[in-house]
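Protein chains in written order, with my numbering: chain A, 1 to 279; chain B, 1001 to 1336.
In what follows, a single structure is set out as structure tokens and then discussed.
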């Protein structure tokens, strides 16, 4: 069905705006957790276990009687922090790798074969293996996820570098006597910002899912740290008695990841000059 | 400018590229010189080695091309030294580039970095070579935009390349090249991508700047009309070699090499060589440039030449003096 262009643009824009609002709410909840959470996320009350949503416990309680809303709000802190660190780490690593591989042709083949080798493992499997070797801790999960997503960024950045390095202005600045390191840093890198920004938002979303997956499989962050993944993992066997114990953390994961993806799409459209009108 | 020595003397310049099909000699034994404040035009059709010559001189050939370069390119620096551009260490070469040696490219649409304002790009060059601070460099950039006659320079300074037209961008490129007051400007077909009225403006601008600064220009073009108006000396290249080297007036009056004669005859409206009747149809040199992988044994132009003789097929003719100031690579001239 072909809607008028204007309607489609508006619709598109609304979705992106909605995604941004959802993310904003989650970030505010995470930052304001001590004030916005009604209870301590680790206070157990065995008598109140597996209670449904009520005024006292907005999202009910889990199998140890912990307030789910408080845990989700505090969990947002950890889940978002892990995702943010992963996105940051893999974008920095991947950008350097991709820039070097794309610009210095001699390094291209060895670096890209390394990247291919890493990408040939399924994401989650590689992360599980790394965490299993390193031991489950917050830092190790981030480290494993960075290693998993760095090659992805490296590929995208390399591809864009290959395009930009052939543009005549690179030769022109060289003709002005600009040294290679400065050409890379000052002239090529800024031209890669739009693909890099899009990667940031996507990896942020992937990392939230991957952290949840790792925690669910028991190789993520230690269970005492409330992340959305550990919440689903810890309570899964009670899901058939009290659906809310997995429903709410699951929804938090879905909404965050979905919003990030949509925002990433929006950012890409905005930064692509040919599609600029869409926003 | 007090010295009588030419600013640039190129001797025996050869550039070859190894390819899978063998060594390609893009530039072979090219020699010319450019006097201070003068313009030497390098003329030839596509693939004749003009651009490779300029890139070799600037040492901008891509490293992955593994170019094999030989010859000398003696350049007189501002402080009176004579340096060989082809032998200079990378660091010293970089200090010259953009500073004493500047280059303008053919394609103004892509020669500017799209993510920086034009002011920042001009400022970068002066900050790099003159060590100016940010504010001083931007002020200098504004003066440069004024110099290249860009209206509302103060405002244009903060605009991005995509906001400028092709002609404006080429002016910015010239401002960028002129920012450090170079003594030699290499202009690689600077007007080819522009429409004719803009071409004329850019050429007039370049000539004015040359008169004001006394810089030398190596003007690379295939446009003989431009050459006639703007060059002092002309070097005609064919298949990587110089086939004729002459001051501009004698060259146009009595072209010495059959290829130059052919080029002049190709000009619409001016299509008559002295002594020949004005042809009704547009003249075209028959045939195509010979493959650089499989050059003819004799003169490279011989397969296309109407005046070819048996001895043209035997060996490459030498560049012979027609008068003390002009040379042509043709057996017909050596007989004279």
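Note that CB positions come from ideal geometry on N, CA and C, so glycine has one too.
Cutoff 8 Å: residue i Cβ touching any chain A Cβ
i                       : result
residue 1095 of chain B : yes
residue 1301 of chain B : no
residue 1250 of chain B : no
residue 1042 of chain B : no
residue 1218 of chain B : no
residue 1107 of chain B : yes
residue 1271 of chain B : A caution first: residue 1271 of chain B carries a pLDDT of 48, below 50, which makes its placement in the model too unreliable to give a value.
residue 1125 of chain B : yes
residue 1236 of chain B : no
Assigned exposure category for residue i - 16 Cβ within 10 Å defines buried
i                       : result
residue 244 of chain A  : buried
residue 1182 of chain B : buried
residue 228 of chain A  : buried
residue 191 of chain A  : buried
residue 1082 of chain B : exposed
residue 1300 of chain B : buried
residue 1066 of chain B : exposed
residue 1302 of chain B : buried
residue 60 of chain A   : buried
residue 133 of chain A  : exposed
residue 1294 of chain B : exposed
residue 1257 of chain B : buried
residue 1021 of chain B : exposed
residue 139 of chain A  : exposed
residue 240 of chain A  : exposed
residue 1046 of chain B : exposed
residue 32 of chain A   : exposed
residue 17 of chain A   : exposed
residue 97 of chain A   : buried
residue 1288 of chain B : exposed
residue 57 of chain A   : buried
Neighbourhood of residue i by C-beta, 7 Å cutoff - its chain only, sequence neighbours within 5 removed
i                       : result
residue 184 of chain A  : 99 and 103
residue 1023 of chain B : 1016
residue 1266 of chain B : 1283, 1284 and 1285
residue 173 of chain A  : 183 and 187
residue 123 of chain A  : 148 and 210
Which residues DSSP lists as bridging residue i, in chain order
i                       : result
residue 1321 of chain B : B:1327
residue 1022 of chain B : B:1019
residue 1097 of chain B : B:1101
residue 1082 of chain B : B:1076
residue 1187 of chain B : B:1104 and B:1219
residue 1011 of chain B : B:1072
residue 61 of chain A   : A:67
residue 1041 of chain B : B:1219 and B:1234
residue 1291 of chain B : DSSP lists no partner for residue 1291 of chain B.
Limits of the beta strand (DSSP E) - the one that residue i falls within
i                       : result
residue 43 of chain A   : Note, residue 43 of chain A: premise wrong, no beta strand (DSSP E); not H, not E.
residue 73 of chain A   : Element bounds for residue 73 of chain A: not the beta strand (DSSP E) but the alpha helix (DSSP H), 68-103.
residue 1195 of chain B : No beta strand (DSSP E) holds residue 1195 of chain B; DSSP gives it neither H nor E.
residue 1238 of chain B : 1233-1238
residue 175 of chain A  : From DSSP, residue 175 of chain A is part of no beta strand (DSSP E) but of the alpha helix (DSSP H) over 168-175.
Below-8 Å beta-carbon distance, residue i vs any chain C residue
i                      : result
residue 103 of chain A : No chain C is present in this structure, whose protein chains are A and B.
Own chain, CB closer than 8 Å to residue i, minus 5 neighbours either side, in chain order
i                       : result
residue 1078 of chain B : 1100 and 1183
residue 1084 of chain B : 1072, 1073, 1074 and 1075
residue 1247 of chain B : 1232, 1233, 1234, 1325 and 1326
CB contact below 8 Å: residue i versus chain B
i                      : result
residue 175 of chain A : yes
residue 268 of chain A : no
residue 99 of chain A  : no
residue 224 of chain A : no
residue 190 of chain A : yes
residue 172 of chain A : yes
residue 134 of chain A : no
residue 200 of chain A : no
residue 158 of chain A : no
residue 167 of chain A : yes
Residue i: first and last residue of the uninterrupted alpha helix (DSSP H) it sits in
i                       : result
residue 1247 of chain B : Looking at the DSSP string, residue 1247 of chain B is not in any alpha helix (DSSP H); the run it does join, the beta strand (DSSP E), is 1241-1247.
residue 1150 of chain B : Residue 1150 of chain B -> no alpha helix (DSSP H), and no H or E assigned at all.
residue 1170 of chain B : 1166-1178
residue 981 of chain B  : What the structure shows of chain B is the stretch from 1001 to 1336, and residue 981 of chain B is not part of that stretch, so it cannot be assessed.
residue 1127 of chain B : 1118-1130
residue 35 of chain A   : 33-36
residue 1316 of chain B : Taken as a continuous stretch (DSSP letters only), residue 1316 of chain B belongs to no alpha helix (DSSP H), as it is neither H nor E.
residue 302 of chain A  : Nothing can be reported for residue 302 of chain A, as the shown portion of chain A is limited to 1 through 279.
Beta-carbon proximity list for residue i, same chain, < 6 Å, skipping 5 on both sides
i                       : result
residue 151 of chain A  : 115, 118 and 119
residue 76 of chain A   : 26, 29 and 30
residue 1010 of chain B : 1031, 1032 and 1073
residue 1140 of chain B : 1126
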